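Chemist: If you use this note's numbering, the sequence shown corresponds to residues 41 to 553, in order.
For glycine and all other residues, C-beta sits at the position ideal for the given N, C-alpha and C.
A quick note: this is a predicted structure, and the numbers were derived from the prediction, not measured.
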Amino acid sequence: MTSGTVSNDEFSNLMRFRAQRLMCAVVYLSAHKEESVPLTRPLLGDLLNQASQVEELLDSYGARYNSLWHTFRSLIAAIKLFSNVSYELLHIQHSLLGYHLLPLEQDFNCATEHALEFSAGILIQATERTIAQALNLGLRIPELAPCIEMYNENLLQGKLEQNLATRRSETVAKTVTLLATAFLNLAAESKPSLPSGRISPDQYESYISGPVTEESLRSIEFQFHNLQSLYDTYVSKTETEGMDQDLPVLRGHISVVMHLLRTGKDFAHYYERHVDSKTQLSGEYVLRLVDPEMLLAKLMNYSVCFAGQYLASAEVLCQKMLQRYTEIDKIEVTVPQYRGFHVRPSTLVSKLVLHYGSKVQMEMDEEYYDAASPLELFRANETINAQKRRWLAQEIVRLRLVPDEVGEKDTRTVIREVVLTLAERGKIIIYEQPLTLAEYPIRQDAKPIEQVTDEIAHLMATGKIDIGTDLKIRFIGDKRVLADIRLLAECGYGEDNFGNNIPLPEGLSYLRR
Numbered sequence: 041m042t043s044g045t046v047s048n049d050e051f052s053n054l055m056r057f058r059a060q061r062l063m064c065a066v067v068y069l070s071a072h073k074e075e076s077v078p079l080t081r082p083l084l085g086d087l088l089n090q091a092s093q094v095e096e097l098l099d100s101y102g103a104r105y106n107s108l109w110h111t112f113r114s115l116i117a118a119i120k121l122f123s124n125v126s127y128e129l130l131h132i133q134h135s136l137l138g139y140h141l142l143p144l145e146q147d148f149n150c151a152t153e154h155a156l157e158f159s160a161g162i163l164i165q166a167t168e169r170t171i172a173q174a175l176n177l178g179l180r181i182p183e184l185a186p187c188i189e190m191y192n193e194n195l196l197q198g199k200l201e202q203n204l205a206t207r208r209s210e211t212v213a214k215t216v217t218l219l220a221t222a223f224l225n226l227a228a229e230s231k232p233s234l235p236s237g238r239i240s241p242d243q244y245e246s247y248i249s250g251p252v253t254e255e256s257l258r259s260i261e262f263q264f265h266n267l268q269s270l271y272d273t274y275v276s277k278t279e280t281e282g283m284d285q286d287l288p289v290l291r292g293h294i295s296v297v298m299h300l301l302r303t304g305k306d307f308a309h310y311y312e313r314h315v316d317s318k319t320q321l322s323g324e325y326v327l328r329l330v331d332p333e334m335l336l337a338k339l340m341n342y343s344v345c346f347a348g349q350y351l352a353s354a355e356v357l358c359q360k361m362l363q364r365y366t367e368i369d370k371i372e373v374t375v376p377q378y379r380g381f382h383v384r385p386s387t388l389v390s391k392l393v394l395h396y397g398s399k400v401q402m403e404m405d406e407e408y409y410d411a412a413s414p415l416e417l418f419r420a421n422e423t424i425n426a427q428k429r430r431w432l433a434q435e436i437v438r439l440r441l442v443p444d445e446v447g448e449k450d451t452r453t454v455i456r457e458v459v460l461t462l463a464e465r466g467k468i469i470i471y472e473q474p475l476t477l478a479e480y481p482i483r484q485d486a487k488p489i490e491q492v493t494d495e496i497a498h499l500m501a502t503g504k505i506d507i508g509t510d511l512k513i514r515f516i517g518d519k520r521v522l523a524d525i526r527l528l529a530e531c532g533y534g535e536d537n538f539g540n541n542i543p544l545p546e547g548l549s550y551l552r553r
């Protein structure tokens, strides 16, 4: 296409030819608007395909910046988007039985029907306004007759004989655990954008300006598309899929969430690009094709809400699947440097274990703790601190830091000197500066080494110091869970040596929620 200005007459002649097939579909839908089910997949496919081509042509000639063609171009964009949404909704309707979805309290089938009626109403209004705009622009309106047979959808009941041989795969078990783990991680990461409860109208604004945007929904949809592709490549048509009844259920939940996200992405796009007052032209160029509140209601309480509900319902399913494919292992990792298993490390380990739903135990000195319970992990601190104190007492003796007789020196002076020396040698960490010792009387009948260790134990108990050691602790359970615990331990359980929060690695992003 050469540069320069095209006259309106020249462009109208071009559009009369290029928009014929689109106008045929537009005329058909407008003529059948009173039917109970005016939309069929052949019709929607043609509307989507032709509207995409016409929109691209209009954009290549700068129609969105032309006063004569701007409204026509906006209507074509609406037809493209809502024909795509409607196609997704029809796909969901036709696929519901094959998805094997777990039951919800809300009637998803009925909600899908209402969403389709909403989308169809917008399409019908857009087609009628497109016909009016086409007449104003001098475009040809085709006869209805050639379109009637083209868009009927007469379907047969049942399926073809399922006689394709299944395939054997040695890696299916590994792939299933990967799928279930990836689903759990995606579900956790998506919760801010996909809440499982209904969203009230007074929350719409905070969601649309926060976690529920076209960009966020597109990103999540892309990840579920990858998950479905992984299933179809490595699990579909295998012997394992035939034997494990939960696998088709998982596949159905992955698919329905993906299609719901596609409808949500388009709803969010139309709101952000064509409805939100902050992004619109003023006056005669505002299309006003869609009621903003109704659009947000479908986005929030159909696309987003049902995607969130199906994610939540399948989480327990994935945890059960992981338990069936559990591979027991054990790992040894360091104890959290800052005050052992206090609130943050214990909560992160517990949250990690609960995320997978597998049983994991922590073991130290032949005592076992339930890693899913923060309170159980807190209890391990008694053993950890006792080991730290024993180790430090041995170090003090080995380094000969305390004389057998104090002599003329004040006992507290000796204690302070020992503490500072231990800190200089990296044996302890001092959290209080300047360090103040206890005011209560020191046991005069005790040996100097006992006086020092008593005071160090008190300083530990009050959080003024901590003993820096490489104490190890063992975790026993599913090796996939243990891999994440090892990763958590390698990043200091989310803390530095002084108890300051540090970022978790990308592989543990689900723990940030």
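Where do the ends of the alpha helix (DSSP H) carrying Arg57 lie?
Modeler: As a first step, residue 57 is located in the sequence shown; it is residue number 17 there, counting from the start. The sequence shown places Phe at residue 57, rather than the Arg named in the question. Counting along the chain, the alpha helix (DSSP H) containing Phe57 begins and ends at 48 to 58.
Chemist: By Cβ distance below 7 angstroms, which residues in the same chain neighbour Thr206 in space, the five residues on each side in sequence not counted?
Modeler: Looking up residue 206 in the sequence shown gives position 166. Once the five neighbours on either side are set aside, the close Cβ partners of Thr206 are Lys277, Thr278, Glu279, Gly282.
Chemist: When DSSP builds the beta bridges, which residues end up paired with Gln401?
Modeler: Within the sequence shown, the letter at position 361 stands for residue 401. Beta-bridge pairing links Gln401 to Asp410, Ile516.
Chemist: Count the other C-beta atoms from every protein chain shown that fall within 10 angstroms of the C-beta of Gly466, then say buried if there are 16 or more, exposed otherwise.
Modeler: Start at 1 with the first residue of the sequence shown, and residue 466 comes out as number 426. Its Cβ having fewer than 16 others within 10 Å, Gly466 is exposed.
Chemist: Hey, how far is the Cα of Met500 from the Cα of Arg379?
Modeler: Within the sequence shown, residue 500 is the residue found at index 460, counting from 1. Within the sequence shown, residue 379 is the residue found at index 339, counting from 1. So the two alpha carbons sit approximately 9 angstroms from each other.
Chemist: Of all the options Thr221, Lys338, Pro332, His314, which has the alpha carbon lying nearest to the alpha carbon of Arg302?
Modeler: In the sequence shown, residue 302 corresponds to position 262, counting from 1. When only C-alpha atoms are compared, the closest one is Lys338.
Chemist: Would the C-beta of Glu367 count as close to the ligand NAP, meaning under 8 angstroms from any of its heavy atoms?
Modeler: What this structure holds is no ligand at all, so the ligand NAP is not there to describe.
Chemist: According to DSSP, is Glu535 part of a helix, a strand, or is it coil?
Modeler: Indexing the sequence shown from 1 puts residue 535 at position 495. Three-state result, Glu535: strand.
Chemist: Is the separation between the beta-carbon of Leu300 and that of Ser343 shorter than 9 angstroms?
Modeler: Counting from one through the sequence shown, the residue named residue 300 turns up at place 260. Counting from one through the sequence shown, the residue named residue 343 turns up at place 303. In this structure, Ser343 lies closer than 9 angstroms to Leu300 by Cβ.
Chemist: What does DSSP give as the partner residues of Val373 in its beta bridges?
Modeler: Residue mapping note: residue 373 aligns to position 333 of the sequence shown, counting from 1. Note: Val373 sits in a beta bridge opposite Ile513.
Chemist: Would you check if the distance between the CB atom of Val373 and the CB atom of Leu417 is smaller than 9 angstroms?
Modeler: Looking up residue 373 in the sequence shown gives position 333. Looking up residue 417 in the sequence shown gives position 377. No, they are not a contact pair.
Chemist: Sort Ala103, Leu62, Glu128 by Cα distance to Pro92 and report the nearest one.
Modeler: Taking the first residue of the sequence shown as position 1, residue 92 is located at position 52. In the sequence under discussion, the amino acid at residue 92 is Ser, which differs from the Pro named in the question. If we check each option's Cα against that of Ser92, Leu62 comes out closest.
Chemist: Cα separation between Leu561 and Leu351?
Modeler: Residue 561 lies beyond the stretch modelled for the chain, which goes from 41 to 553, so this question has no answer here.
Chemist: Is it buried or exposed, Lys487, if we count other Cβ atoms within 10 angstroms and call 16 or more buried?
Modeler: Residue 487 sits at position 447 when you count from the first residue of the sequence shown. The residue is exposed, with fewer than 16 neighbouring Cβ atoms inside 10 Å.
Chemist: Nearest CA to the CA of Val46: which residue from Leu98, Glu75, Gln434, Leu79?
Modeler: What you label residue 46 is simply residue 6 of the sequence shown in a count that begins at 1. The option with the nearest alpha carbon to Val46 is Leu98.
Chemist: Once DSSP output is grouped into helix, strand and coil, what is the label at Ile470?
Modeler: Sequence index remark: in the sequence shown, residue 470 carries index 430 (1-based). Ile470: strand per DSSP, three-state reduction.
Chemist: Asp405: which of Ala411, Pro414, Glu422 sits nearest, CA to CA?
Modeler: Counting from 1 along the sequence shown, the entry for residue 405 is found at position 365. Per the Cα distances, Glu422.
Chemist: Using DSSP with H/G/I as helix, E/B as strand and the rest coil, what is Asn421?
Modeler: Translated into positions along the sequence shown, residue 421 becomes position 381. Correct three-state label for Asn421: helix.
Chemist: In whole angstroms, give me the CA-to-CA distance for Leu477 and Met402.
Modeler: Position 437 of the sequence shown, counted from the first residue, corresponds to residue 477. Position 362 of the sequence shown, counted from the first residue, corresponds to residue 402. Leu477 and Met402: Cα-Cα distance of roughly 35 angstroms.
Chemist: Sort out for me which residues DSSP pairs Asp207 with in a bridge.
Modeler: Indexing the sequence shown from 1 puts residue 207 at position 167. Looking at the sequence provided, one finds Arg at residue 207 rather than Asp. DSSP, once it has assigned bridges, lists Thr278 as partnering Arg207.
Chemist: Would you mind sorting Cys64 into buried or exposed? The rule is 16 or more other CB atoms within 10 Å of its CB.
Modeler: What you label residue 64 is simply residue 24 of the sequence shown in a count that begins at 1. The residue in question, Cys64, is buried, as its Cβ has 16 or more Cβ neighbours within 10 Å.
Chemist: Nearest CA to the CA of Gln197: which residue from Leu137, Gln173, Gly44, Asp147?
Modeler: Locating residue 197 in the sequence shown gives position 157, where the first residue counts as 1. The shortest C-alpha separation from Gln197 is found at Leu137.
Chemist: Taking DSSP as the reference, what is the three-state secondary structure of Asn89?
Modeler: Locating residue 89 in the sequence shown gives position 49, where the first residue counts as 1. In this structure, Asn89 counts as helix in the three-state DSSP scheme.
Chemist: Which of the three DSSP states is assigned to Asn176 in this structure?
Modeler: Within the sequence shown, numbered from 1, the residue matching residue 176 stands at position 136. In the structure shown, Asn176 sits in a helix (DSSP, three-state: H, G or I).
Chemist: So if DSSP puts Ile507 in a beta bridge, which residue, or which two residues, is it bridged to?
Modeler: Translated into the one-based positions of the sequence shown, residue 507 becomes position 467. According to DSSP, which records beta bridges pairwise, Ile507 is partnered with Ile468.
Chemist: Let me know the secondary structure DSSP gives Asn149 once reduced to three states.
Modeler: For the purposes of this step, residue 149 is identified with residue 109 of the sequence shown, where counting begins at 1. Helix at Asn149.
Chemist: Go ahead and pull the three-state DSSP assignment for Asn124.
Modeler: Start at 1 with the first residue of the sequence shown, and residue 124 comes out as number 84. In this structure, Asn124 counts as helix in the three-state DSSP scheme.
Chemist: Confirm, please, whether the CB-CB distance from Leu115 to Thr152 is below 9 angstroms.
Modeler: Within the sequence shown, numbered from 1, the residue matching residue 152 stands at position 112. Within the sequence shown, numbered from 1, the residue matching residue 115 stands at position 75. Contact: no.
Chemist: Between the stretch 169 to 177 and the stretch 75 to 83, do at least 3 Cβ pairs fall closer than 8 angstroms?
Modeler: Not touching, per the Cβ criterion.
Chemist: Return the residue from the list Arg258, Gly237, Arg291 that minimises the CA-CA distance to Tyr274.
Modeler: Counting from 1 along the sequence shown, the entry for residue 274 is found at position 234. If we check each option's Cα against that of Tyr274, Arg291 comes out closest.
Chemist: Cα separation between Thr215 and Thr253?
Modeler: The residue you call residue 215 lines up with position 175 of the sequence shown. The residue you call residue 253 lines up with position 213 of the sequence shown. Cα to Cα, Thr215 sits roughly 31 angstroms from Thr253.
Chemist: For Ile368, which of helix, strand or coil comes out of DSSP?
Modeler: Here residue 368 refers to the residue found at position 328 of the sequence shown. Three-state result, Ile368: strand.
Chemist: Determine which residues share a DSSP beta bridge with Asn541 and list them.
Modeler: Position 501 of the sequence shown, counting from 1, holds the residue named residue 541. The partner list for Asn541 (beta bridge, DSSP) reads Glu535.
Chemist: Measuring only the C-alpha atoms, how far is Asp49 from Pro251?
Modeler: In the sequence shown, the residue the question calls residue 49 occupies position 9. In the sequence shown, the residue the question calls residue 251 occupies position 211. Using only the alpha carbons, I get a separation of about 46 angstroms.
Chemist: Determine whether the beta carbon atoms of Leu226 and Leu267 lie at a separation below 9 angstroms.
Modeler: As a working mapping, residue 226 is identified with position 186 in the sequence shown. As a working mapping, residue 267 is identified with position 227 in the sequence shown. Going by C-beta atoms, Leu226 is nearer than 9 angstroms to Leu267.
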